[in-house]
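Residue numbers (this note's numbering), protein chains in the order written: chain A, 1 to 468; chain B, 1 to 468; chain C, 1 to 468; chain D, 1 to 468. Glycine included, every Cβ here is placed at the ideal spot set by N, Cα and C. Keep in mind the model is a prediction, meaning the values are calculated, not measured.
In structure tokens:
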């Protein structure tokens with residue numbers, strides 16, 4: 001049986017049948033409190049193995065007599081953790097309702113495999129710092145993928161924009177035609193937004209990249225644990241110093257991450273909305289690749305931009321996840337509160353949704369066709385009015401006079417060539433003044449930085465599982 | 001393979017492996033757009049069977065030559081729908097990724113069982129009005145359960161409150177001691193809040209209880225379908241008249257329902273917070289039943305009110321679901337938009353979460369112990385100050401004089417007996433003036449009304465599956 | 001000096017200058033805690049006068065010896081309250097920072113005018129039940145106006161829709177052309193949504209229409225106050241029974257009201273979005289009245305639908321107000337908490353924003369022009385495809401065959417006359433089956449009900465101020 | 001007349017009186033669209049003067065013949081802008097309804113003072129880039145103050161925490177007693193949270209610190225404007241390159257800032273909640289300074305922590321402002337949309353609310369008394385249970401055995417001295433292992449950085465107003 005949603009507790013919990021109480025905890029209570037953990041936690045198997053390996057190594061070196069773990073015991077623990085990690089990857093590791101969560105499932109597995117040795121792994125650790133650690137390790141890996149995918153989309157938009165850089169496009173304000181613009185200007189406006197999103201993601205990454213391990217339940221332990229060592233083994237920047245904050249930061253960090261993801265989704269949502277408008281037959285500026293559209297089982301005539309619509313709604317979903325975490329945090333005082341369990345799904349789903357949206361958007365954009373004829377044909381005389389008035393100003397006519405002069409002869413503007421109009425504006429960042437080299441440089445810097453961080457982390461994680 | 005989260009699309013979607021495109025739709029696109037439907041839709045099996053049965057009966061009576069379905073064909077269709085409904089109940093009905101959703105899964109099943117007859121069921125119907133119908137039928141059933149559970153908790157609080165009606169309890173404002181109160185006043189403040197919540201739920205129920213069937217994609221069909229008949233068969237109040245609104249109402253209705261659920265959760269959250277405070281050892285007013293508390297795997301001394309904490313966080317979760325739907329709707333114009341798919345999970349989960357929270361709260365409250373000694377011991381002289389000042393006013397002393405007189409002799413108030421103090425206030429709705437009969441009457445009216453509605457609907461649904 | 005925003009406390013509060021502390025409360029603290037009350041409360045002058053009048057009458061009849069107020073004193077109090085109410089209406093009543101809020105401002109004014117008599121008005125009342133009462137009275141009056149404005153817009157859309165009932169319009173799904181529709185179907189889809197919104201508003205109105213007076217700080221008073229009497233004088237349906245709930249309901253009620261307003265705004269936002277799309281020159285379906293559009297100071301060519309854009313954003317604003325109240329409530333336990341002060345601005349602004357949006361939308365729609373030529377010209381052959389396929393089904397062709405047949409000859413559909421197509425669909429609620437009489441009946445029922453409620457309340461309020 | 005809220009449009013807009021239409025725009029429309037700008041914009045006077053001065057200098061150096069502005073004209077313009085800036089500071093600058101907003105008010109003032117010269121200032125600029133610039137300049141100044149106030153509170157908590165570093169305090173999880181902790185650990189958990197908030201604020205500051213000037217309506221102008229020059233004069237990091245993104249970033253940036261502010265408020269809200277709990281008489285851990293508490297006009301016995309309650313509710317308010325901006329952005333496509341006007345109030349109010357909350361919290365904490373006796377007295381035997389079990393583990397006893405041994409002799413733990421218990425835990429970041437020097441170093445680095453940035457900006461702004 002697989003618990004897939006909050007609805008499942010209802011299977012157990014009926015007003016009609018009387019429940020038996022096993023041990024001290026009522027079955028219904030167990031179903032209510034475990035929630036979706038046994039499904040969601042499947043995503044945390046790898047993180048829990050890595051964190052446990054680092055903890056085991058630290059225990060083996062901790063200055064107590066006799067040592068909590070011998071070198072050999074540590075070796076055997078890490079070997080089993082390695083096999084669990086592998087099972088997690090191929091999907092054969094199971095978490096049963098009796099396990100409650102990934103932490104107990106792995107501990108039980110270790111004990112089954114190694115007997116008493118397995119029972120020692122939890123020494124000096126609480127479920128509180130363990131889950132905080134797992135979520136940070138998991139988020140770190142996902143944020144790397146998300147930053148790579150964000151960069152990838154930024155570059156895709158830039159290349160696609162460069163290809164159609166000077167194709168004229170009616171620039172709009174208030175959704176109404178405003179002034180001459182280009183496909184290049186439109187496309188790279190997203191590139192630049194995504195660069196800003198990368199900054200936000202990397203701040204979230206940095207705040208996340210600290211080790212809570214050793215905080216236990218938020219008040220430390222009376223053992224000479226070495227928090228710097230575990231932090232170093234897991235290549236975190238440093239331990240979160242204050243152990244109470246290490247626990248209080250749970251929920252806060254999820255919110256910080258979800259808010260950065262929410263910014264990415266805002267960018268994507270705007271992109272999606274623009275595509276939905278510009279692919280309506282009344283516009284026909286762009287044609288989405290057929291493989292990214294769906295028909296209708298009842299309407300033979302349909303080609304719907306479902307992918308774009310769902311990106312737009314996923315933005316609302318990711319924002320709602322952030323809202324959920326903020327509300328949970330607002331209602332609770334310091335110290336671990338069980339409420340925090342409900343920030344797990346928002347985080348995991350928010351990361352997954354954002355990554356999926358970025359990847360599918362990049363593939364869709366890359367294959368989108370630009371219909372230059374339709375774009376050029378959509379220029380009406382009014383679109384050139386402002387440029388004309390400003391040009392008169394450049395010739396010394398006071399603006400108000402220029403404005404009225406242009407307004408009285410709107411018809412005469414028809415003759416303006418849109419291609420000419422967009423070339424004529426040349427200052428920094430405008431249609432004729434876009435600096436694609438600047439974008440390439442940024443992109444290249446990000447690429448190098450992200451690749452190096454990925455190598456650094458991957459190498460350390462592999463080393464860790466081979467230690468000692 | 002079971003898709004449990006948005007993360008699953010990532011299994012299919014990798015930047016490394018090249019995907020093949022089957023038919024016109026790319027595999028990644030399919031994974032992205034189908035989302036969690038194949039899991040979530042398992043909850044809609046019964047509703048889809050009921051709706052399809054009503055639609056089949058209508059088709060068999062529709063005045064076209066030849067009839068779309070004969071009486072016999074209709075009979076056979078309903079028989080198969082009956083067996084699918086049963087499979088849905090016991091959990092053996094499957095929705096495959098190829099099916100995409102419950103609607104096609106059932107249609108495919110019908111066609112497998114009945115050949116060409118099955119292919120006719122979709123005549124004059126679109127997936128748009130079909131899913132709108134399913135969600136309304138599903139929500140109707142769940143809202144009935146939720147209203148029953150809300151009433152049940154209201155009654156539980158009332159009975160528990162009546163049992164301890166005159167046990168004195170320090171009334172608080174600003175979380176600080178304020179004036180004498182009672183356990184009865186505190187407990188029935190929730191009873192009354194839940195009665196208000198029932199009003200909100202019943203308004204949502206009523207708006208939900210209309211049939212969208214026949215709206216097709218929002219523009220009707222050029223066939224003489226009988227929308228009143230299907231509405232009647234499914235005992236809806238009436239069809240949503242305007243077919244475009246029948247489709248536009250999707251999302252709006254989910255939001256209305258989630259906002260009513262959100263109000264229930266606000267009431268529960270406040271209840272939970274009060275319990276968390278009053279069960280801290282510093283208060284000790286109440287003791288939660290041990291079966292509803294959890295210990296700690298590391299701290300031998302713990303008895304934690306996890307259930308209450310999770311009720312508090314579930315309130316934030318349900319609010320976030322409402323927020324999600326509102327944001328989705330804000331961003332989209334008229335007519336069906338694919339974005340609406342993402343309002344399904346919020347609705348289903350919001351209903352399940354609220355129901356589970358109500359049921360567990362009722363069971364927990366019923367077994368909660370009241371520690372009268374601790375409650376009485378917590379009265380400090382200041383708590384009686386206001387009553388004393390007001391009493392002086394009743395004796396003709398101007399309030400400001402009374403206030404200062406009392407303030408200057410706060411110590412002398414210690415002698416007041418809390419039991420006496422709470423008996424002395426007798427006007428409507430105060431500690432000594434609570435009318436439990438009034439609550440019983442309300443409760444009884446609701447009980448009768450809800451039971452009758454349930455009978456009405458259950459009887460009709462059973463009749464429907466036996467028709468014709 | 002007028003405090004207009006949270007920013008004003010900053011004027012008082014500087015890290016550089018040392019503040020003096022007057023009495024026990026620090027100036028900065030006063031500025032921080034009073035917040036915007038002295039501005040916002042100007043809206044509550046009338047409500048506070050009405051509530052105080054009812055309270056005075058009750059005090060004069062309360063069975064204590066000597067009576068708290070004599071008949072003559074009550075008369076004089078009500079006379080002064082009448083003049084304050086008038087000052088409030090014409091905008092000459094002032095609330096000073098020293099007053100802190102409307103309640104003290106009015107009490108101070110009474111005491112200034114009547115000496116010791118004024119000091120008695122607060123007997124048996126707390127600021128908590130007083131503000132709860134004021135907000136309910138204020139919201140009742142505003143909700144009446146809002147329900148009237150909602151009905152007005154519903155009727156406007158219906159009449160405008162009826163006038164253009166059979167003008168063909170391309171029906172859309174996924175923002176793409178889908179099937180034949182009409183201006184009438186589109187317009188009345190909003191009429192029907194607004195009727196649903198009226199149901200939600202009236203539920204909020206009903207929950208609001210109960211008297212909290214006499215709850216004092218949530219625990220009643222040791223005086224024989226007559227809560228039924230004040231409730232009757234103010235024509236509430238009944239008193240909120242439980243005095244603790246009367247105070248706990250603050251915030252909850254604001255949220256209920258804001259969620260109903262939010263639903264109205266969702267309807268308006270969708271209307272606004274549709275107008276923004278259909279008035280783009282690429283569509284040109286409708287032309288907004290020039291008086292409702294704004295030009296640009298720099299672009300001579302612009303006619304922008306600012307009103308529609310701002311209605312869309314106001315929907316987000318009203319939703320955010322609801323979110324604010326929900327979050328405030330989630331974080332606080334039972335009993336009055338000062339947090340509730342921050343639900344006042346959301347309520348007042350939410351009511352005002354919704355009313356302003358409804359009124360301006362109604363005026364704008366009424367004068368919007370329908371361009372039938374553009375609407376008819378936008379029909380492409382594909383739009384008729386589904387109808388054609390369904391018609392074949394009606395003639396006995398299996399749907400899949402019909403679907404493929406139509407798809408292979410999409411070009412041949414061009415000959416279909418849109419006017420004919422929308423007439424041909426005649427079942428309930430579709431293009432040719434709209435029942436405008438039904439809408440008129442609903443509208444007429446609502447009109448009668450709202451007018452009668454307004455008369456009932458207005459008459460009672462006038463009587464009250466003339467009593468005794 | 002001062003417009004203070006959305007309600008004001010209602011004064012103009014009545015269904016009863018017929019409005020006259022002045023010019024092309026209806027009065028009601030003007031009231032609806034101008035909204036609160038004429039009040040809110042008073043905060044932008046200084047920013048608009050600075051931006052206009054930079055723009056004027058750029059115009060005077062722009063390579064067109066004849067120059068748009070001569071050196072002398074520029075000098076005169078800047079002189080008048082200087083006097084307007086001063087009027088803004090002392091509160092004598094007015095924006096009339098006819099002005100609509102600060103931009104026209106200042107332009108009108110310039111024209112009044114300088115005739116035709118004033119009319120040239122708007123050359124090559126649109127209201128769109130102008131308001132985007134003003135908001136960035138305003139936010140930059142406020143964010144500096146907010147970062148300083150955040151640092152100030154972090155340092156206050158650290159010093160207060162250091163003073164009471166080793167005072168024992170019961171550490172809690174699930175709001176229940178858990179393990180020994182200290183006032184120092186609790187206090188510095190906030191210091192560390194605030195350091196994280198500083199990182200988030202500084203990322204927002206950096207994204208904000210770019211110049212949109214020259215983007216005009218989002219499509220640039222056909223004049224050789226020098227966007228690098230204006231950016232340099234206003235000491236921005238650089239211009240936002242893509243002119244369309246410069247406009248699209250409006251709203252996004254507000255959201256980024258509000259999300260960073262929301263994180264600060266989350267920290268403050270938790271602090272406030274802890275204070276509210278620990279100052280209840282049942283705890284009595286801390287005593288808030290009397291000047292920061294308010295009494296009750298009716299209850300002689302009250303000392304309420306209003307400031308803390310309002311900080312908690314302001315957190316909800318600031319979150320709602322962020323939500324408002326997110327929703328507005330989600331609903332709109334690329335290009336300036338009027339909806340963005342409604343992101344102005346959330347930004348201005350969010351900045352002001354956060355700053356006021358930080359400042360008052362710092363003053364309140366600094367004077368809060370620690371009641372060591374109450375803190376020590378609250379230790380019950382169970383609080384030491386975990387430490388004892390872990391210590392046994394350190395002595396070689398398997399954890400499960402240790403756990404059961406401790407549980408069976410909970411009573412014997414009573415003898416443990418809390419002071420001893422908190423000293424005994426010495427690893428990094430726990431009660432006995434806090435590194436205050438580390439915090440001092442961080443604080444000192446931030447102090448230096450913030451002071452240097454403030455000097456850099458202030459100097460440049462002063463130079464600008466003296467130029468040329």
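- The Cβ neighbour count for residue 241 of chain B, taken over all protein chains shown within 10 Å, is at least 16; the residue is labelled buried.
- In this structure, the beta-carbon distance from residue 43 of chain C to residue 348 of chain C falls below 8 angstroms.
- Using a Cβ-Cβ cut-off of 7 angstroms, residue 280 of chain A is close to 175 and 176 of chain C, given in chain order.
- Residue pairing by DSSP puts residue 238 of chain C in a beta bridge opposite C/210.
- Check the Cα spacing between residue 64 of chain C and each of C/79, C/223 and C/96: the tightest is with C/223.
- Membership of residue 172 of chain B in the beta strand (DSSP E) is indicated by the continuous run 168-173.
- Three or more beta-carbon pairs separated by less than 8 angstroms link the region 142-149 of chain C to the region 354-372 of chain C, which places the two stretches in contact.
- Residue 181 of chain A: member of the beta strand (DSSP E) spanning 176-182, first to last residue.
- Leaving aside the five residues that flank residue 60 of chain A on each side, the residues in its chain whose CB is nearer than 8 angstroms to its CB run, in chain order, 67, 68, 69, 70, 71, 73, 74 and 468.
- When secondary structure is reduced to three states using DSSP, residue 370 of chain C falls in the strand class.
- No residue range can be given for residue 379 of chain A, since it is assigned to no alpha helix (DSSP H) and is classified by DSSP as neither H nor E.
- The beta carbons of residue 234 of chain C and residue 50 of chain C sit about 7 angstroms from each other, so the pair counts as a contact at 8 angstroms.
- Here the alpha carbon of residue 283 of chain B sits roughly 23 angstroms from the alpha carbon of residue 159 of chain B.
- Leaving aside the five residues that flank residue 188 of chain A on each side, the residues in its chain whose CB is nearer than 7 angstroms to its CB run, in chain order, 157, 158, 161, 434 and 439.
- By the C-beta density criterion, residue 333 of chain B is buried, having at least 16 other C-beta atoms within 10 angstroms.
- Residue 180 of chain B sits buried, since 16 or more C-beta atoms from the chains shown fall within 10 Å of its C-beta.
- Closest in C-alpha terms to residue 341 of chain A, from the list A/351, A/350, A/325 and A/330, comes A/325.
- Assignment of residue 230 of chain D by DSSP, reduced to helix, strand and coil, places it in the helix class.
- Against chain B, a Cβ distance below 9 angstroms from residue 306 of chain D picks out 174.
- DSSP places residue 111 of chain B within a helical segment (H, G or I) once states are collapsed to three.
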